[in-house]
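Data first, discussion second: the structure below is written as structure tokens.
Protein chains: 2
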Amino acid sequence: MQRQKIYLKMKDPKEALEIFFNKFDPKPILEAEEIPVLESPKRITAEPVFAKVSSPSSHSAAMDGIAVLAEDTYGATERNPKILKIGQEAAWINTGHVMPEGKNAVIMAEKLNQIDEESIEISSSSFPWQNVRKVGEDFVTTELLFPQNHQIRPFDLGTLIGGGAFHLKVRRKPRVVIIPTGSELVNFNTLSGSLHLKKGEVIESNSSILSSLIKECGADPIVEDIVEDKSEKITDALFRAIDSAPDLVIIIAGSSAGRKDYTAQIIEDKGELLVHGVTIMPGKPTILGNVKEKPVIGIPGYPVSAYIAFNEFVRPFLYRLQGSITPLKKLSKVVASRDIPSKLGLEEFIRVNIGKVGERVVAIPLPRGAGSVTTMSKAEGIIRIPSFLEGIVAGEETDAELLVDLEDIFNTIVIIGSHDITLDILSDEIRKNTDGIRISSGNVGSLGGLLALKKGTAHIAGSHLLDTQTGEYNTSYISKYLKGFPVHVFHLVTREQGLIIQKGNPKAVKGIEDLTHDVAFVNRQPGSGTRVLFDYKLHEMGIDPSRINGYENEEYTHMNVAVAVLNGTADVGMGIMAAAKALNCDFIPIVKEQYDLVIPSALVDDPKIQLLIDITRSKEFRKRVKGLGGYNPAKSGDLWKII
Amino acid sequence: MQRQKIYLKMKDPKEALEIFFNKFDPKPILEAEEIPVLESPKRITAEPVFAKVSSPSSHSAAMDGIAVLAEDTYGATERNPKILKIGQEAAWINTGHVMPEGKNAVIMAEKLNQIDEESIEISSSSFPWQNVRKVGEDFVTTELLFPQNHQIRPFDLGTLIGGGAFHLKVRRKPRVVIIPTGSELVNFNTLSGSLHLKKGEVIESNSSILSSLIKECGADPIVEDIVEDKSEKITDALFRAIDSAPDLVIIIAGSSAGRKDYTAQIIEDKGELLVHGVTIMPGKPTILGNVKEKPVIGIPGYPVSAYIAFNEFVRPFLYRLQGSITPLKKLSKVVASRDIPSKLGLEEFIRVNIGKVGERVVAIPLPRGAGSVTTMSKAEGIIRIPSFLEGIVAGEETDAELLVDLEDIFNTIVIIGSHDITLDILSDEIRKNTDGIRISSGNVGSLGGLLALKKGTAHIAGSHLLDTQTGEYNTSYISKYLKGFPVHVFHLVTREQGLIIQKGNPKAVKGIEDLTHDVAFVNRQPGSGTRVLFDYKLHEMGIDPSRINGYENEEYTHMNVAVAVLNGTADVGMGIMAAAKALNCDFIPIVKEQYDLVIPSALVDDPKIQLLIDITRSKEFRKRVKGLGGYNPAKSGDLWKII
């Protein structure tokens with residue numbers, strides 16, 4: 182084990198942050214810079230702002246009407262109105278305008294009766310200063326407008342400008358140097374048009390994500406060139422960064438216990454390793470350190486880990502540098518759609534989809550792999566499971582930090598079930614044609630989708646389950662698995678299922694009968710409609726699955742089957758023609774199958790669902806679906822059965 | 182009434198917005214522009230984004246460890262470990278790195294036992310693809326990454342860059358031309374250093390506030406020069422704006438029923454007046470129109486009205502132009518601290534301070550005048566009272582739209598009561614010395630402060646109520662008004678009360694006895710400590726209040742008394758020396774009085790309160806207080822009584 186650096190003393194995140202803050206205390210507050218007031222929104226005041234003029238700066242009309250001397254109006258009543266002469270006892274005035282000399286009240290326009298160009302009749306008297314905003318009513322010269330450490334908002338500009346604060350002192354923006362490390366990484370800018378990666382190359386994107394997050398915190402990111410996994414090179418880059426007088430240095434990757442992870446060692450050798458390893462997941466390999474009295478944070482390389490570590494450590498530090506505190510997260514109560522186990526001793530951050538199905542706001546856990554960058558894009562929330570819990574049980578209410586607006590969630594149609602490429606087109610068309618309705622889809626196979634309807638975690642299930650007895654799709658499965666749960670079944674498409682093979686068919690596969698020969702097969706998971714179909718075909722043809730090389734090798738989507746064929750992991754897999762076409766593979770048709778949308782009858786009248794069905798019937802949708810190849814959308818949107 | 186344009190047919194805000202949206206329908210969606218991916222956060226996709234490469238693009242290690250061929254590990258157990266040769270059967274690999282040719286599994290570093298530089302012992306077998314992220318596990322070439330009309334977030338950059346979307350098409354930013362109108366207005370930029378306003382001039386700030394709000398909505402504001410209140414000039418400016426092909430034109434002010442309000446007339450003459458007057462308050466005079474098929478919105482000139490009208494009409498329109506929907510407001514349940522009456526038939530937007538006192542989140546209404554720009558800065562929330570309600574009763578729970586973070590509210594100490602300038606210093610010092618603790622203060626006079634404690638709407642009351650029988654401050658009032666409600670009383674300062682007079686004392690006032698002569702007095706409101714003191718002095722000296730010219734003329738703060746003297750509204754007023762000094766008035770000392778902080782005993786151990794008391798004891802606070810003049814902070818922070 183000598184080559185492994187194990188983080189022996191993991192800290193819990195709160196303790197870790199305290200250690201870091203204490204090190205760079207008492208207050209690592211940045212110096213001030215003076216900026217024009219119009220640039221001040223979102224900046225934080227570095228000194229108190231005092232009014233240089235009063236507001237209003239003169240007595241002003243608070244209404245549209247006429248300015249008068251109150252004493253001139255005394256005695257006027259409905260029965261005994263008074264006539265005032267314009268230009269003498271009365272002067273027209275508009276809201277906000279300065280009161281003329283010698284006048285001390287305003288009579289509202291609506292209460293006047295204008296006799297002619299020169300005279301106005303009034304039928305009640307005014308009192309002094311009625312409908313007048315007196316000098317300093319809002320604030321008075323020398324008064325405090327804002328204390329220091331106040332974050333300026335757009336409407337504060339009115340107070341600042343009105344108070345004569347045309348320039349003001351705000352905290353300088355923190356400068357954060359980001360050093361991406363990893364010999365395998367390439368900068369996407371160097372790839373330009375061509376997307377051809379050399380063997381072993383990986384596109385670097387963490388520095389871009391972190392830059393954008395850093396800007397959100399009001400700080401300036403500086404991204405350095407990617408550094409190879411060599412101790413000297415990383416050390417050099419770190420020292421260069423420190424010489425540029427940053428407020429924080431972030432080193433990305435190289436922070437886990439792997440063989441080539443030099444960051445912790447470098448910080449220990451050249452400075453002070455404050456924290457190495459935090460009891461959070463993802464984000465465990467985070468490093469907090471001090472080199473030459475500059476704060477250095479080592480961020481794990483997996484994008485999700487990087488995001489979590491950023492939120493836990495970088496974000497609070499950047500706000501503190503500016504004399505402010507981290508804005509609170511938007512939270513929502515959610516109900517777990519299924520058990521979510523969690524490791525004791527680690528605080529887990531579970532990404533979830535969130536949907537409102539009926540009256541429940543349901544959280545559906547996404548795959549946990551920290552390497553999946555799309556789970557962050559797909560996630561609508563994050564559930565934190567504290568380190569002392571072994572998880573959350575299905576149906577339990579808990580808080581989720583929202584990554585999207587709650588209104589967006591209420592506008593989301595959750596489609597779970599079998600994977601089909603036309604759902605992507607549906608998703609795009611619904612975004613195009615509606616005000617903010619979105620589709621969130623999860624691939625769990627046809628059967629999984631039907632069960633999700635029953636559990637109340639989806640609005641729609643996508644299904645293509647063949648009843649091998651009757652040759653009919655979906656109905657018998659619905660009757661069996663959704664007993665007593667009425668549903669409407671709408672056609673979405675019929676599509677070509679068949680064998681996806683490499684371009685040019687090097688293994689000379691002609692049909693399912695050839696799969697027992699010298700070819701590597703890639704299968705779909707049990708419960709998927711394609712697996713049902715494949716097993717049925719094998720049975721029909723009397724082929725024993727054990728004779729197929731790779732039968733136990735499972736993928737979860739058509740596209741993943743196609744990609745396995747494309748890159749040679751397998752020679753052949755079963756899937757839809759559109760997947761083969763998308764990846765430029767060849768295809769041997771086997772069967773035309775029916776893919777339906779199954780919708781609980783209780784939800785079918787929901788306007789969102791109706792809009793979705795309308796879109797499946799639209800010309801544009803059908804045209805795009807046809808373009809994929811292997812699809813027949815002739816019956817898209819037809820109500821087929823009510824079960 | 183012929184000169185008054187009354188908005189006869191006011192629309193409710195929902196209907197008004199519908200009329201406007203329908204006019205510029207079906208979808209006023211902006212064309213696309215291509216931008217580099219790094220500039221895409223917050224922008225909205227104009228077309229679907231498909232993956233150009235798979236992610237991962239090669240089989241990659243999901244763990245740090247060694248890459249192996251699973252078949253080489255078969256048979257390894259705890260009892261019968263296997264030795265693998267590095268460089269042959271095993272290769273060191275780090276998370277995210279591409280798998281070497283011929284390897285299909287990774288064994289975690291933690292499970293290895295390294296024998297020497299060349300050999301590693303394993304004690305369990307792997308299965309194919311264990312700890313490997315296969316090509317396309319995250320997404321596959323041609324897959325939909327984002328539909329159109331998706332707003333890009335920082336972590337979406339990982340998906341975009343990983344998918345090869347280095348440029349993408351987003352909606353062009355809407356261009357909004359802002360035309361401020363008003364002959365009284367001056368551009369603050371022309372004032373530069375000097376703040377000397379000519380008679381009748383008012384500093385224009387609405388265009389700055391609106392620009393900043395427009396930027397928040399992802400649009401580009403263009404602010405035109407201020408236009409005089411002349412119909413031809415406004416018309417010219419409007420046509421110039423329309424010729425520049427804007428997506429929206431905003432005309433500020435000139436939208437109410439006042440005499441010089443030309444905007445509605447111009448829109449009616451030159452185009453189509455869709456809506457004139459909306460049943461909201463503030464914001465009633467809003468205008469929605471169409472000139473040459475360009476949308477034009479007339480925004481009222483009062484800053485608060487402008488803000489409300491912006492939120493109701495401009496914000497949703499700008500989001501719609503970009504193919505998105507308006508983000509939901511942050512809401513919080515609050516309890517009304519007192520009755521809030523509201524006009525039937527108008528939807529009222531009440532600005533409120535929000536404080537957490539004990540377990541209740543309490544909303545305290547701010548003054549309603551739409552002219553007070555600071556009420557927006559001071560407001561922590563807005564309560565909407567629907568048009569069919571006559572108001573909200575004290576203690577009723579309702580929703581408030583939050584203008585600050587809920588965490589900020591929880592960190593706020595609410596001080597209500599008598600106004601004192603040292604509270605500004607306390608507010609600034611606490612922002613300087615703590616992590617985000619804020620003071621929110623309301624001036625309602627000493628007695629009002631004590632009552633607020635009892636009602637649970639404040640943490641601290643500032644009080645200087647003289648018991649004229651005993652000569653002692655505050656105690657007898659507390660005993661009377663806070664019976665059975667235990668409090669701690671801390672000294673804040675002693676201060677000089679006296680007469681504030683004009684510089685050079687032109688009226689030759691020597692003391693209170695001279696107030697019955699030919700001078701104009703300005704008084705404080707009943708319930709304020711200063712009023713109690715003044716009335717006591719009059720009584721002591723046997724002066725009948727009716728003999729004092731201006732006795733009924735009331736102001737609410739020391740500073741407003743001083744400003745009334747400064748600008749000649751009054752010759753003399755009673756107030757603290759610091760106010761006189763701040764505004765360069767002269768001052769005649771009458772009495773040294775005691776100003777205390779009264780804190781419910783139940784709250785006194787709250788760490789926030791303790792921090793505040795610590796700060797009143799600090800050298801820095803005392804030094805700054807002394808600098809104001811007329812203050813003695815020697816006993817600041819001393820616990821004086823527990824009652």
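If you read the sequences in order, they're chains A and B. So the first sequence is residues 182 to 824, counted in our numbering. So the second sequence is residues 182 to 824, counted in our numbering. From the three backbone atoms N, C-alpha and C, an ideal C-beta is built for every residue, glycine too.
Please classify residue i: is it buried, with 16 or more other beta-carbons within 10 angstroms of its beta-carbon, or exposed?
i	result
A:GLN269	exposed
A:ASN294	exposed
B:MET182	Caution applies to B:MET182, whose pLDDT of 35 falls short of 50 and renders its modelled position unreliable; the value that the coordinates give is listed next. Looking at its Cβ environment, which holds fewer than 16 other Cβ atoms inside 10 Å, B:MET182 is exposed.
A:THR651	exposed
B:ASN203	exposed
A:GLY131	In the structure as shown, chain A starts at 182 and stops at 824, and residue 131 of chain A therefore has no counterpart that could be examined.
Please work out which residues of its chain come closer than 8 Å, Cβ to Cβ, to residue i, disregarding the five sequence neighbours upstream and downstream, and give them in chain order.
i	result
A:ASN765	LYS684 and LEU747
A:LEU632	TYR662
B:ALA243	THR276, VAL287, ASN312, VAL313 and ARG314
A:ILE200	LYS192, LEU455, VAL456 and LEU469
B:VAL806	THR603, ILE606, VAL674, TYR812, PRO814 and SER817
Could you name the residues of the same chain whose beta carbon sits closer than 7 Å to that of residue i, not counting the 5 residues immediately before and after it, in chain order?
i	result
A:ILE729	LEU696, THR697 and PHE702
B:SER727	none
A:LYS816	HIS672
Relative to the C-alpha of residue i, which residue among the options is closest?
i	options	result
B:GLY343	A:ASN368, A:VAL351, A:GLY339 and A:VAL357	A:ASN368
A:HIS348	B:ARG352, B:ILE423, B:LEU372 and B:LEU326	B:LEU372
A:GLU228	A:ILE216, A:MET191 and A:LYS396	A:ILE216
B:GLU318	B:LEU325, B:ALA445, B:HIS240 and B:PHE768	B:HIS240
A:ARG676	A:ILE602, A:GLY708 and A:SER622	A:ILE602
A:LEU525	A:ALA560, A:GLY811, A:SER568 and A:ARG501	A:SER568
B:GLY623	B:THR593, B:SER513 and B:GLY652	B:THR593
B:SER307	B:VAL316, B:LYS284, B:GLU299 and B:PHE320	B:LYS284
A:ALA257	A:SER235, A:ILE274 and A:ILE301	A:ILE301
A:ALA551	A:ALA745, A:ILE489, A:SER425 and A:TRP273	A:ILE489
A:ASN741	A:THR651, A:GLY723 and A:ALA760	A:ALA760
Looking only at its own chain, which residues have a Cβ that is under 6 Å from the Cβ of residue i, when we skip the five neighbours before and after it?
i	result
A:VAL554	PRO484
A:MET462	LEU527 and GLU529
A:ALA575	ALA517, ARG519 and ASP520
B:LYS350	ALA213, GLU215, ALA227 and GLU228
Taking only beta-carbon atoms, is residue i less than 8 Å away from chain A?
i	result
B:ARG565	no
B:ILE390	yes
B:HIS331	yes
B:VAL279	yes
B:GLY643	no
B:MET755	no
Using a Cβ-Cβ distance cut-off of 8 Å, determine whether residue i contacts chain B.
i	result
A:LEU376	yes
A:MET740	yes
A:ASN813	no
A:GLY343	yes
A:ILE506	yes
A:TYR658	no
Examine the ligand ATP and report whether any of its heavy atoms sits within less than 7 Å of the Cβ of residue i.
i	result
B:GLN311	No copy of the ligand ATP appears in this structure; indeed no ligand is present at all.
> Unbroken alpha helix (DSSP H) runs of length 4 or more, entirely within the segment 227-287 of chain A: which are they?
Replying inline: 251-254
>> So within the segment 506-593 of chain B, which uninterrupted beta strand (DSSP E) runs reach at least 3 residues, ignoring any that extend past its ends?
In response: 512-517, 528-538, 541-546, 562-566 and 578-583
> What alpha helix (DSSP H) runs, 4 residues minimum, are completely inside the segment 364-399 of chain A?
Replying inline: 387-397
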